[in-house]
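Peer 1:
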Amino acid sequence: MTVRGEITEKLLAALGTVPGLRPATPTAESTAARIPWDWDGIAIDLDDDVVRIRLVATRLPLPPLLRSAADVLRPVLVGTQWEAATLRLVVTDLDRDAV
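Sequential numbering from 1483 applies to the sequence shown in the numbering used here.
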């Protein structure tokens, strides 16, 4: 497994500890979802200066959820080439149960 793959897995595991947020992935009904792939992993982009994670919120309010996510995600990057990168959490959708 590559370093990017390992960090992606660690970021997903950390995100899994934050109730109210999940990775933004294709819907289960989409044709693409039938293709075997790490769908959660495609929600994460590891660029040299920005770590971007696309999320779906299943609860509100957003500000405390995003602070909690940043608090558990930032330590995963310590000691990696992305330690100084900007952590950008992008909420792409709200689950209908959130509203």
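For every residue, glycine included, the Cβ atom is placed at its ideal position computed from N, Cα and C.
If you compare alpha carbons, which of VAL1533, LEU1503 and LEU1493 is closest to TRP1564?
Peer 2: VAL1533
Peer 1: On the CB-based measure, 16 or more other CB atoms within 10 Å of its CB, does GLY1502 come out buried or exposed?
Peer 2: buried
Peer 1: Under 7 Å Cβ to Cβ from ALA1550, same chain only, skipping five residues before and after it: list those, please.
Peer 2: Residue identity differs from the one stated: residue 1550 is Ser in this sequence, not Ala. Taken in chain order, the residues that qualify are VAL1500.
Peer 1: CB ALA1580 to CB ARG1541, shorter than 9 Å?
Peer 2: yes
Peer 1: Would DSSP call LEU1542 helix, strand or coil?
Peer 2: In the structure shown, LEU1542 sits in coil (DSSP, three-state: anything other than H, G, I, E or B).
Peer 1: Taking LEU1493 and ILE1526 to be in contact with their CB atoms under 8 Å, please state how far apart those CB atoms are, rounded to whole angstroms.
Peer 2: Contact flag correct, Cβ pair sits at about 6 Å.
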